Amino acid sequence: MNAQIAAILAIDGIASGAIYVLIAIGFVLIFAVTRIIFVPFGDITAFTALTLASLENKQMPGTVGMVAVLAVMATLMEVFSLWRKGALGKIPAALFFYLALPLIPAAIAWATAGTLLPTPLRLLLTVAVILPIAPLLNRIVYQPIADATVLLLLIVSVALHFAMSGLGLLFFGPEGVRTQSLVDFTTFIAGTPVSGQAMLILGSAIFFSFLLYLFFNFTLYGKALHATAINRTGARLMGIRPQQACTIAFLLGSVLAAVSGILIAPVNTIFYDSGFLIGLKSFVGAIIGGMVSFPVTAIGSMFVGILEGFAAFLSSPFKDVIVFSILIPVLLWRSYTLVHAEEEDEE
Amino acid sequence: MSRQITIAIGAVALLALLGAPLYLAPFSITLLNYIGVYSLVALGLVLLTGNAGMVSFGQASFMGVAAYATAWTSSVMGFSPWLGLILALVATGLIAAILGAVTLRLGGHFLSLSTIAWGLAIYFSFGNIPGLGAFDGLSSLPPISIGGIALVDSGQIFYMIWGTLLLTMLAIHNLLDSRVGRALRALRGGNTLVESLGVNALQIRLVTFVIAALCAALSGWLYAHMGRFVSPTPFDVTMSIIFLMMAMIGGSGYLLGAVLGAAIIILLKNGIQDVLPKIAPGSSGQLEVVVFASLFILFLQRARNGIVPFIAQWIPEPRRERPPQAELLPRQPQPAKETALMQVDAVTRRFGGLIAVNDVSFDVRAGEILALIGPNGAGKTTMFNVITGALRPSAGRITFAGKDITGANAAKIAAAGIARTFQHVKLRPKMTLIDNVLLGTYGRTKAGFIRSALRLDRAEEARARHEAMRQLERVGLGDRPYELAGNLPLGNQRVLEIARALAADPVLLVLDEPAAGLRRQEKLALAELLRTLRAEGLTILLVEHDMDFVMGLVDRIVVMEFGCKLCEGEPAKVRADARVQEAYLGGVA
Chain R
1 MNAQIAAILA IDGIASGAIY VLIAIGFVLI FAVTRIIFVP FGDITAFTAL
51 TLASLENKQM PGTVGMVAVL AVMATLMEVF SLWRKGALGK IPAALFFYLA
101 LPLIPAAIAW ATAGTLLPTP LRLLLTVAVI LPIAPLLNRI VYQPIADATV
151 LLLLIVSVAL HFAMSGLGLL FFGPEGVRTQ SLVDFTTFIA GTPVSGQAML
201 ILGSAIFFSF LLYLFFNFTL YGKALHATAI NRTGARLMGI RPQQACTIAF
251 LLGSVLAAVS GILIAPVNTI FYDSGFLIGL KSFVGAIIGG MVSFPVTAIG
301 SMFVGILEGF AAFLSSPFKD VIVFSILIPV LLWRSYTLVH AEEEDEE
Chain E
1001 MSRQITIAIG AVALLALLGA PLYLAPFSIT LLNYIGVYSL VALGLVLLTG
1051 NAGMVSFGQA SFMGVAAYAT AWTSSVMGFS PWLGLILALV ATGLIAAILG
1101 AVTLRLGGHF LSLSTIAWGL AIYFSFGNIP GLGAFDGLSS LPPISIGGIA
1151 LVDSGQIFYM IWGTLLLTML AIHNLLDSRV GRALRALRGG NTLVESLGVN
1201 ALQIRLVTFV IAALCAALSG WLYAHMGRFV SPTPFDVTMS IIFLMMAMIG
1251 GSGYLLGAVL GAAIIILLKN GIQDVLPKIA PGSSGQLEVV VFASLFILFL
1301 QRARNGIVPF IAQWIPEPRR ERPPQAELLP RQPQPAKETA LMQVDAVTRR
1351 FGGLIAVNDV SFDVRAGEIL ALIGPNGAGK TTMFNVITGA LRPSAGRITF
1401 AGKDITGANA AKIAAAGIAR TFQHVKLRPK MTLIDNVLLG TYGRTKAGFI
1451 RSALRLDRAE EARARHEAMR QLERVGLGDR PYELAGNLPL GNQRVLEIAR
1501 ALAADPVLLV LDEPAAGLRR QEKLALAELL RTLRAEGLTI LLVEHDMDFV
1551 MGLVDRIVVM EFGCKLCEGE PAKVRADARV QEAYLGGVA
């Protein structure tokens, strides 16, 4: 391996690392607010790529059917629980939030199938179709067990991932997709070719991380979310509704997942089940950050991306094995540095 | 009567099982074989998840390591499957030990997350190593043979599988009902309590993790020689979550739940495979996953406890005998009265800029009751935590019975002869009174995992039970030893904690606000108990708020305020001290 190859690998690694950064930050965000380790997060990234590809091919994306099914389920659950509580007056609002709102972008995607939308609209529509999935899953799957332990929520998440990837195969089919490049130029930095896509990915990662930083530090909602993450009961006493905070966290996370899906779609061939591995590699980054620190998570995810780039060069079939092996020293280091509060969960 | 019925039902079930190959079709026997093999993995999870509270998504990959180890030994290298078994157990045990040592120190979800990643890494390794047949796998494994008889037929290996399963169940049953088993069950509620009893929580967790992996290894070995073919597919993460599903649906705390869960899932899978192609031809494979995952989520939302506890509520409680008399456990020599037992020398503890305990010194003399009192925020609890090893002092020295115990961890301090209770009662509510007290005898007994599993611990266990019963009677809770600790009122829970501390045969008993939340009658009874204990030569240090309780009971008092020692002396002298009155009443009128 000479310096030239190393530089190319490093740039590749930074590009995929930037994608892991986005997803890992989403993981940490959702975990901090909801205590849910949202394993199906990677699936949402993959579904975004698949949706974008369908729109490019002037087909109706499978996401439309998926969102419709989830929206109907969530609405039925919400209406039923409101009816049992006798809060009939709240049903119209529930119908709006759980049924109408998620279905509007899906309906647009359905109506415009067959016409090729201009690129910005296409991207916007993709994000809009994807956004409701995670909050709807939150309503259907997690809200009934919001008080459960982290471990139980994790088991549910893993089961949910398998359900989602099964649904993914049903709605999207087994074919892999790769979309058109969003930008099409290559520059040379110190003699090394850098693709425009790689720069776009890195730029987006920095931009969205910065946006999130602004949100958490300078908006009331951001502070409410931060407060919920630190102390749920305390936040509730201050009039912050935890359920609402959860929904916002899932929405924000979905934005990150959708952006990463759009960015990765022109670079890698994405299948219905590609999300799991992408998600798990981001997890390694999140674990490096101890599931709490955003900056360390970002650095960790970048590291995972670069490691993967070099591992792929050394031994392509074992690149995933190498990436996951890095967990051993990381966890060993973490087990001595992470201050963890005693978790006293009396059954 | 109910005991005889239970035995009769068990015997009939066993006979029905043993005779199964005689009256069941080969297809049903094959199903039973799968149930047996998968039950073994689920059994490991019952121990790991249901009892010790750890979740692993890597059991299928442990099974895979074992299956590939034996496949390589017997099919590639041509050795006996029995050598394959040894290699399978060693390889799986080693991998589990390394993974466990690295992850168990961290919180529960780190272990679980890394098992997902590791499960995948191991799975990819199988699929990419040409020597192991890559994704095509290894075929034509030899059958297991016992005494020259090759177990080729499904009716033959049936006995091997179910025999292994029943023996493993017996061993784990024994294990759970023993010294280490109780420690393992107590781990679920957190480390603070178990470490204060002298248990090395990390070690217990690690061994439990390895045992669960070894169960999966046994299963993998049987699986490989049952189908006589291995490939990566059956050992991926999907299968791991199905094992977890088996253990939890059966009732993850119960051994029988593993078998029941495995049976239900396998029969359900079979049923679904018949039905789905009729509903959705062409896409039944992926629908199956969706159906299973959705069912599991629904189960976790609605009926987390599983089936066995649901059935068990209809079965009458078996009557349990009181533990019989036995020889007493060996006791520590109590130190001579009036000698200084513990010396706290200039201890300081800072939290950042806050000095919670500032240069405090005092002695505890053997055979006395010493109270540490002070207004809220005086630093009593911090002092208490420093003494019991929950916090390290920033400066100063603590010696106990001549040994320096400054900054020693909770387990070491327990071993030195200090037993404690907690301000917020820490019991295991789902364990019986006697089991809770037996936890206290942990440091005085020795039986390890192997001796417990083989039931070689019974003599020692009988002595420990007798001791626990004696302490229960001593504190006045001897009439219902098999009641669940969670059913007691608070006052009795505090007393139960004292019984547990006494079962450790301490030299010094340290009580954190023992009278908090007690009614007047209960306080009087508690004071009487403490007096009796003093008369028997025990030294007691208590941290207390309740002045009435303290004044009539203790020999000496140490008063703290704002982290410093204000004064010390006999109750009457302390009561008369102007500084103490000012601290409590805000100035003398």
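In order, the protein sequence lines correspond to chains R and E. Numbering of the first sequence is given in the numbering used here, commencing with residue 1 and proceeding in unit increments. Numbering of the second sequence is given in the numbering used here, commencing with residue 1001 and proceeding in unit increments. Glycine is no exception: its CB is placed at the ideal position from the N, C-alpha and C atoms. For clarity, every value in this text was computed on a predicted model and none was experimentally measured.
Rounding to the nearest angstrom, what Cα-Cα distance links residue i and residue j in this structure?
{"i": "residue 1410(E)", "j": "residue 1204(E)", "result": "16 angstroms"}
{"i": "residue 1486(E)", "j": "residue 1431(E)", "result": "8 angstroms"}
{"i": "residue 1061(E)", "j": "residue 1223(E)", "result": "13 angstroms"}
{"i": "residue 196(R)", "j": "residue 268(R)", "result": "15 angstroms"}
{"i": "residue 1408(E)", "j": "residue 1392(E)", "result": "8 angstroms"}
{"i": "residue 119(R)", "j": "residue 183(R)", "result": "11 angstroms"}
{"i": "residue 261(R)", "j": "residue 1147(E)", "result": "60 angstroms"}
{"i": "residue 1394(E)", "j": "residue 1349(E)", "result": "5 angstroms"}
{"i": "residue 1209(E)", "j": "residue 36(R)", "result": "24 angstroms"}
{"i": "residue 330(R)", "j": "residue 288(R)", "result": "6 angstroms"}
{"i": "residue 1475(E)", "j": "residue 1536(E)", "result": "14 angstroms"}
{"i": "residue 1417(E)", "j": "residue 1436(E)", "result": "19 angstroms"}
{"i": "residue 198(R)", "j": "residue 158(R)", "result": "31 angstroms"}
{"i": "residue 1133(E)", "j": "residue 1127(E)", "result": "8 angstroms"}
{"i": "residue 1001(E)", "j": "residue 153(R)", "result": "Confidence at residue 1001(E) is low in this model, with a pLDDT of 49, below 50, so the placement of that residue should be treated as unreliable; the coordinate-derived value is given next. So the alpha carbons of these two residues sit roughly 43 angstroms apart."}
{"i": "residue 1017(E)", "j": "residue 1159(E)", "result": "9 angstroms"}
{"i": "residue 1589(E)", "j": "residue 1357(E)", "result": "For residue 1589(E), the predicted structure reports a pLDDT of 47, less than 50, and the residue's modelled location is therefore unreliable. The matter cannot be settled from this model."}
Spatial neighbours of residue i within its chain, please: CB distance less than 6 angstroms, with the 5 preceding and 5 following residues excluded, ordered by chain position.
{"i": "residue 56(R)", "result": "179"}
{"i": "residue 1603(E)", "result": "Residue 1603(E) lies beyond the residue range present for chain E, which begins at 1001 and ends at 1589; the question has no answer from this structure."}
{"i": "residue 1229(E)", "result": "1139"}
{"i": "residue 1035(E)", "result": "1262, 1263 and 1266"}
{"i": "residue 1087(E)", "result": "1069 and 1073"}
{"i": "residue 194(R)", "result": "11 and 187"}
{"i": "residue 1012(E)", "result": "none"}
{"i": "residue 1370(E)", "result": "1364, 1541 and 1556"}
{"i": "residue 215(R)", "result": "222"}
Does the distance between the C-beta of residue i and the nearest non-hydrogen atom of the ligand GDP fall short of 8 angstroms?
{"i": "residue 162(R)", "result": "You won't find the ligand GDP in this model; it holds no ligand whatsoever."}
Below 8 angstroms on the Cβ atoms is my contact criterion, and I expect residue i with residue j to pass it. Report the Cβ-Cβ distance as a whole number of Å.
{"i": "residue 12(R)", "j": "residue 168(R)", "result": "Residue 12(R) to residue 168(R), Cβ: 26 angstroms. No contact."}
{"i": "residue 138(R)", "j": "residue 247(R)", "result": "6 angstroms"}
{"i": "residue 1323(E)", "j": "residue 1469(E)", "result": "5 angstroms"}
{"i": "residue 1373(E)", "j": "residue 1559(E)", "result": "6 angstroms"}
{"i": "residue 1503(E)", "j": "residue 1440(E)", "result": "3 angstroms"}
{"i": "residue 1217(E)", "j": "residue 1120(E)", "result": "With a Cβ gap of about 19 angstroms, residue 1217(E) and residue 1120(E) do not count as contacting."}
{"i": "residue 1039(E)", "j": "residue 1165(E)", "result": "6 angstroms"}
{"i": "residue 301(R)", "j": "residue 21(R)", "result": "4 angstroms"}
{"i": "residue 1648(E)", "j": "residue 1499(E)", "result": "Look at the range of chain E in this structure, 1001 to 1589, and you will see that residue 1648(E) is not part of it."}
{"i": "residue 1307(E)", "j": "residue 1257(E)", "result": "7 angstroms"}
{"i": "residue 1341(E)", "j": "residue 1401(E)", "result": "6 angstroms"}
Just to confirm my understanding: we take residue i, look at its own chain, exclude 5 residues before and 5 after, and list those with CB closer than 8 angstroms. What are they?
{"i": "residue 242(R)", "result": "146, 228, 232, 235 and 236"}
{"i": "residue 200(R)", "result": "182, 183 and 263"}
{"i": "residue 314(R)", "result": "322"}
Looking only at its own chain, which residues have a Cβ that is under 7 angstroms from the Cβ of residue i, when we skip the five neighbours before and after it?
{"i": "residue 345(R)", "result": "Its pLDDT being 45, under 50, residue 345(R) is placed unreliably in this model, and the value from its coordinates should be taken loosely. Hits under 7 angstroms: 149."}
{"i": "residue 172(R)", "result": "50, 62 and 272"}
{"i": "residue 266(R)", "result": "178, 179, 180, 181, 182 and 197"}
**Asked** Curious, which full-length beta strand (DSSP E) runs of at least 3 residues does the region 1317 to 1405 of chain E contain?
**Response** Correct list: 1340 to 1351, 1354 to 1365, 1369 to 1373 and 1395 to 1400.
**Prompt:** What residues from the region 1089 to 1107 of chain E come within 7 angstroms of chain R, judged by C-beta to C-beta, listed N to C?
**Reply:** So the list reads 1102, 1103, 1105, 1106 and 1107, given in the order they occur along the chain.
**Message:** Runs of 4 residues minimum, wholly inside the region 1169 to 1256 of chain E: which ones carry the alpha helix (DSSP H) assignment?
**Reply:** Counting only runs of 4+ residues, the alpha helix (DSSP H) found wholly inside the region 1169 to 1256 of chain E occupies 1179 to 1186, 1191 to 1196, 1201 to 1227 and 1237 to 1251, in chain order.
**Request:** Could you name each continuous alpha helix (DSSP H) segment of 4 residues or more that falls completely within the region 222 to 248 of chain R, going from the start of the chain to the end?
**Result:** Correct list: 232 to 237.
**Request:** Scan the region 1297 to 1326 of chain E for residues whose Cβ lies nearer than 7 angstroms to a Cβ of chain R and list them as they occur along the chain.
**Result:** Among the residues of the region 1297 to 1326 of chain E, those with a Cβ less than 7 angstroms away from any Cβ of chain R are 1297, 1300 and 1301, in the order of the chain.
**Request:** Give the residues from the region 146 to 170 of chain R that approach chain E closer than 7 angstroms (Cβ to any Cβ), ordered along the chain.
**Result:** Against chain E - using a Cβ distance shorter than 7 angstroms - the residues of the region 146 to 170 of chain R are 150, 151, 152, 154, 155, 156, 158, 159, 160, 162, 163, 166, 167, 169 and 170.
**Prompt:** In the region 1093 to 1124 of chain E, which residue ranges form an unbroken alpha helix (DSSP H) of at least 4 residues, counting only runs that do not cross its ends?
**Reply:** Taking 4 residues as the minimum length, the region 1093 to 1124 of chain E contains no alpha helix (DSSP H) run wholly inside it.
**Prompt:** Along the region 314 to 336 of chain R, what residues have a CB closer than 7 angstroms to any CB found in chain E?
**Reply:** Those residues of the region 314 to 336 of chain R that come within reach of chain E (Cβ to Cβ, closer than 7 angstroms) are 317, 318, 320, 321, 324, 325, 327, 328, 331, 332, 334 and 335.
**Item:** Contact list for the region 127 to 146 of chain R against chain E, Cβ threshold 7 angstroms
**Value:** Cβ contacts with chain E come from 141, 144 and 145.
**Message:** Going residue by residue through the region 65 to 143 of chain R, where are the continuous beta strand (DSSP E) segments of at least 3 residues, counting only ones entirely within it?
**Reply:** Whole beta strand (DSSP E) segments, 3+ residues: zero.
**Request:** With 8 angstroms as the limit, tell me which residues of the region 262 to 290 of chain R have their beta carbon closer than that to any beta carbon of chain E; keep them in chain order.
**Result:** Against chain E - using a Cβ distance shorter than 8 angstroms - the residues of the region 262 to 290 of chain R are 277, 280, 283, 284 and 287.
**Prompt:** At which residue ranges does the region 1023 to 1072 of chain E contain complete beta strand (DSSP E) runs of 3 or more residues, listed in the order of the chain?
**Reply:** Uninterrupted beta strand (DSSP E) stretches at least 3 residues long and entirely within the region 1023 to 1072 of chain E do not occur.
**Request:** Name, going along the chain, the residues of the region 32 to 45 of chain R whose beta-carbon falls closer than 7 angstroms to a beta-carbon of chain E.
**Result:** Within the region 32 to 45 of chain R, the residues whose Cβ lies closer than 7 angstroms to some Cβ of chain E are 37, listed in chain order.
**Asked** Which residues, taken in chain order from the region 1472 to 1484 of chain E, show a beta carbon closer than 9 angstroms to some beta carbon of chain R?
**Response** Taking 9 angstroms as the cut-off between beta carbons, none of the residues of the region 1472 to 1484 of chain E comes near chain R.
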